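Asker:
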Ligand SMILES: Nc1ncnc2c1ncn2[C@@H]1O[C@H](COP(=O)(O)OP(=O)(O)OP(=O)(O)O)[C@@H](O)[C@H]1O
Ligand SMILES: [Mg+2]
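Chains as they are written, first to last, in our numbering: chain S, 3 to 510; chain F, 52 to 427.
1) Run down chain F in chain order and give the residues with a C-beta less than 9 Å from the C-beta of residue 158 (chain S).
2) From residue 358 (chain F) to residue 140 (chain F), what does the alpha carbon distance come to, in whole angstroms?
3) Ligand 1 heavy atoms versus the CB of residue 410 (chain S): any closer than 8 Å?
4) Could you check the C-alpha separation between residue 266 (chain S) and residue 275 (chain S) for me, to the nearest Å?
5) With 9 Å set as the bound, which would you pick, yes or no: does the beta-carbon of residue 120 (chain F) sit closer than that to a beta-carbon of chain S?
6) Excluding the five sequence neighbours on either side, which residues of its own chain have a C-beta within less than 7 Å of the C-beta of residue 260 (chain S), listed in chain order?
7) For chain S, is any of its Cβ atoms less than 9 Å away from the one on residue 386 (chain F)?
8) Taking 9 Å as the CB-CB limit, is residue 422 (chain F) close to chain S?
9) Within its chain, find whatever has a CB closer than 8 Å to the CB of residue 328 (chain S); leave out the 5 residues flanking it on each side and keep chain order.
10) Got a sec, what are the start and stop residues for the beta strand (DSSP E) residue 445 (chain S) sits in?
11) Between the C-alpha atoms of residue 474 (chain S) and residue 287 (chain S), what's the straight-line distance to the nearest angstrom?
12) Closest Cβ-Cβ distance between residue 362 (chain S) and chain F: below 9 Å?
13) If we cut at 9 Å on Cβ distances, does residue 494 (chain S) have a partner in chain F?
14) How about residue 216 (chain S) and residue 239 (chain S): are their beta carbons less than 9 Å apart?
15) With a cut-off of 9 Å, does the C-beta of residue 113 (chain S) fall near any C-beta of chain F?
16) Between which two residues does the alpha helix (DSSP H) harbouring residue 116 (chain S) extend?
17) Would DSSP call residue 513 (chain S) helix, strand or coil?
18) Touching or not, the segment 336-355 of chain S and the segment 289-296 of chain F, by the rule of three or more beta carbon pairs under 8 Å?
19) Using a C-beta cutoff of 9 Å, does residue 339 (chain S) count as contacting chain F?
20) Beta carbon of residue 177 (chain F), beta carbon of residue 321 (chain F): below 9 Å?
21) Under DSSP, the alpha helix (DSSP H) around residue 145 (chain S) begins and ends at which residues?
22) Quick check: the segment 119-126 of chain F against the segment 256-263 of chain F, are at least 3 beta-carbon pairs closer than 8 Å?
23) Taking residue 2 (chain S) as part of the alpha helix (DSSP H), name the residues at either end of that continuous run.
24) On a Cα-Cα basis, can you pick out the residue from S:455, S:73 and S:115 that is closest to residue 256 (chain S)?
25) How about residue 280 (chain F): is its C-beta nearer than 9 Å to some C-beta of chain S?
26) Which same chain residues, not among the five before or five after residue 278 (chain F), have their C-beta less than 7 Å away from its C-beta?
27) Let me check one thing: in DSSP terms, what residues is residue 39 (chain S) bridge-paired to?
28) If you follow the beta strand (DSSP E) that residue 5 (chain S) is in, where does it begin and where does it stop?
29) Cβ atoms of residue 58 (chain S) and residue 98 (chain S): under 9 Å apart, would you say?
30) At a threshold of 8 Å, does residue 435 (chain F) count as lining ligand 1 (C-beta to nearest heavy atom)?
31) Run down chain F in chain order and give the residues with a C-beta less than 8 Å from the C-beta of residue 326 (chain S).
32) Quick one: list the residues of chain S neighbouring residue 137 (chain F), beta-carbon separation under 9 Å, in chain order.
33) Could you give the DSSP three-state label for residue 20 (chain S): helix, strand or coil?
34) Can you confirm whether residue 5 (chain S), when its beta carbon is compared against all beta carbons of chain F, has any partner nearer than 9 Å?
35) Looking at residue 168 (chain S) and ligand 3, is the gap between the Cβ and the nearest heavy atom below 8 Å?
36) Mind checking who residue 370 (chain S) pairs with in its DSSP beta bridge?
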């Protein structure tokens, strides 16, 4: 069998950590090859080596059997290698066409020519079933469509080898469905694909083979059709992983959070994105707000924690009215918040890990005395969280948050927020971008919080998580609550109907 | 083998973000000097070499006297540099240092001229007055930014002109010396004292402004790196959304940062004019020191100690340039050379990004770019 890519013995060392240690990866023509590994296993690093962003310390790369040196992304482009990064690299106020041709423009006498480009893009999008409006402005289209633009960008440059780094992390289930179809189409048309994902079901759905890394080392390459999810997970983590969430029945106590008639106004227009939402969260229960992305869940949480102004309604913790309170006061009154967007709200990327771990408590007398930071207390705190939550990075407490792998950034935030021991834990998409082992761990932590008598408000887009973790489910659609369910009795199908707005009923 | 050594060295540099940044600053200075030298070669090839050496080492030429003057020239620039750098760290671009400096200078001179009854405290009160005036002027831009979302660059540019015309008007109305068409001289009791510096640097104009500059440099270094206040300021500067999430009062921090920044520029203004032989003039010109401070903040990478070194370096060039007239160069050549160096210092951001990118590819080091130097 002929390989299009052969990476052999790739070693890449960062100061303090071997991100890749003699890793092999062989990609066949026309296959979808999954790359699986824990957070920080070195997947992104390996792909950055292939794409010319990093130079490997050792090892060889062959493309179509010929040894090559890839010094930068331009070299990679010329070899027919394209990459869709987890955070898209599009110009927001340019049109789709402009973004696609950027850097590869056709010109006559210095003037841009769109006609050839437009024809080529039209051709490509029909052939690979990538529907986009070529004249739409990027900031006006959905994340799923932006991703299609990224894919078209690679195809426009005649890429034969396509790398996807966690492409589904920020997509809705529907968009993921679409993407899976697109990937299959691409493979059928003869493109070779490397897919990084933490979701085993996606691997089972589309991938032909799967290479597994653990702590920078190559573990195995397997045929997906002959390997079960459990085997994949075990190879990747090095132990058995429990997929089913085990938890005792909830024993709800007194009410911790009361939300009454909450309305949150949009920042941009005069409409309410959250309308008359009321609910209660009790001690010892996990209440989940489920729904399709963009139905007001984010705004509901922003309103709750004080990041967006309320246009109506009341918020009470243990009967104390916090409606007018600042973000800081709400936090001190017992709200911990794991934010949806870890890089925007959760972390100061240019701070060290230890500085980030005190972001919500730096003013506490543990970490400061008379306005001076207490460095040894900060360090001790960081070391204990790093240990407890298995936060892996190159320089421990001193690692810049920016240099940490996505999953480890998430673990840092989780550790920080759970450790504060607040009465109410608000967790928005807490396991986004985490590997199965870490997800299991985080789920256990959240359940342990509940069993310690804390109230948990969970917002999740993943139905598995919603069904497995919650004690009570609220479905949100179009800014309103459209149903309340018991996870024991409701089916995923039924939830789906409510989430898509096909059905609704009043919520007590 | 040799590659490994080079690699090792790169790795070590890459591991220490500060040293990368310092490296790029030095590269900027060297590039600036080279361009300056080329210009001198074109203008006057014969004297270019001795002339160039004079620029570099002129501050040593008359021993302690010229070294003292180097410090004297450097101090205001250190202070305006600190002013700009401090705001940078909170993500604010204080282009209004010149206006704050003007307000500080006028207030200090006004007190210096009129409040002789203060005796031994006269100069202290005058400096404090300048500081407060600068702080008020800076806080206006801060308040507008925090509560009305007016971009600080826009408001401070306008405030610069308001300060400039107000200065002219107030000089003429309140402290005008008609005979010389300039402000009256501050009383000797308002002059910044020289203490023992007069004996160490005989004949030079240096005064204890240098100690004020050193003290403020250390103070700002401590505030930024050791205190809760500095932690907050930097959080707001690096990521305003995360600061909001953490419940920090971004508005308060913005106002405080601009106020402190303005206070530093105000002190610079006071120190510049509370001396014998230098006078405020009603000339409707923006004072250059405020703008030079921007370049010095860049060159010093917005770190107080870096700014101090860069400011004194500037003083050395200015002082060296003074002796350049011994050769057959137009005095303007000094300004050109200094301008070129400053121009290149603005490139240090570019160079820094480039060096960081190169090292990242080479050794994969994650390099901290000083957010402050990011001029948008
Ligand atoms: N530029 C860098 N400087 C220093 N260390 C780095 C750098 N980039 C990555 N690392 C470290 O190398 C290791 C591998 O990181 P990588 O991003 O490849 O992980 P990953 O497998 O993609 O993980 P995730 O699933 O969480 O995205 C991590 O421990 C990370 O901290
Ligand atoms: Mg990754």
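Every residue, glycine too, gets a C-beta built ideally from N, C-alpha and C.
Bear in mind that the values here come from a model prediction, so they are computed numbers and not experimental data.
Answerer: The structure says:
1) By Cβ distance, chain F contributes nothing, its closest Cβ being about 25 Å from residue 158 (chain S), past 9 Å.
2) Approximately 13 Å between the Cα atoms of the pair.
3) Yes - ligand 1 has a heavy atom lying nearer than 8 Å to the Cβ of residue 410 (chain S).
4) 6 Å
5) no
6) 282 and 318
7) Answer no: the Cβ-Cβ gap between residue 386 (chain F) and chain S never drops below 9 Å.
8) Residue confidence for residue 422 (chain F) is low, a pLDDT of 30 falling below 50, so the modelled location carries little weight and cannot support an answer.
9) Answer for residue 328 (chain S): 308, listed in chain order.
10) Run containing residue 445 (chain S): none in the beta strand (DSSP E); it sits in the alpha helix (DSSP H), 438-453.
11) 8 Å
12) yes
13) So, not an interface residue.
14) The Cβ-Cβ distance between residue 216 (chain S) and residue 239 (chain S) falls below 9 Å.
15) Taking Cβ atoms only, chain F never reaches closer than 9 Å to residue 113 (chain S), which makes this a no.
16) It is not in any alpha helix (DSSP H) - residue 116 (chain S) carries neither H nor E in the DSSP assignment.
17) The structure shown does not extend to residue 513 (chain S), since chain S is modelled only from 3 through 510, so no value can be given for it.
18) yes
19) yes
20) In this structure, residue 177 (chain F) places its C-beta atom within 9 Å of the C-beta atom of residue 321 (chain F).
21) 145-158
22) yes
23) The requested residue 2 (chain S) does not occur in the structure, where chain S is confined to residues 3 to 510.
24) S:455
25) Interface residue, yes.
26) none
27) S:215
28) 5-16
29) no
30) Because residue 435 (chain F) is not part of the residues shown, which for chain F are 52 to 427, the question remains open.
31) Contact of residue 326 (chain S) with chain F by beta-carbon distance below 8 Å is absent, the smallest such distance being about 15 Å.
32) Simply none; closest approach about 17 Å.
33) strand
34) no
35) The model on display carries ligand 1 and ligand 2 but not ligand 3.
36) Per DSSP, the beta-bridge partners of residue 370 (chain S) are S:375.
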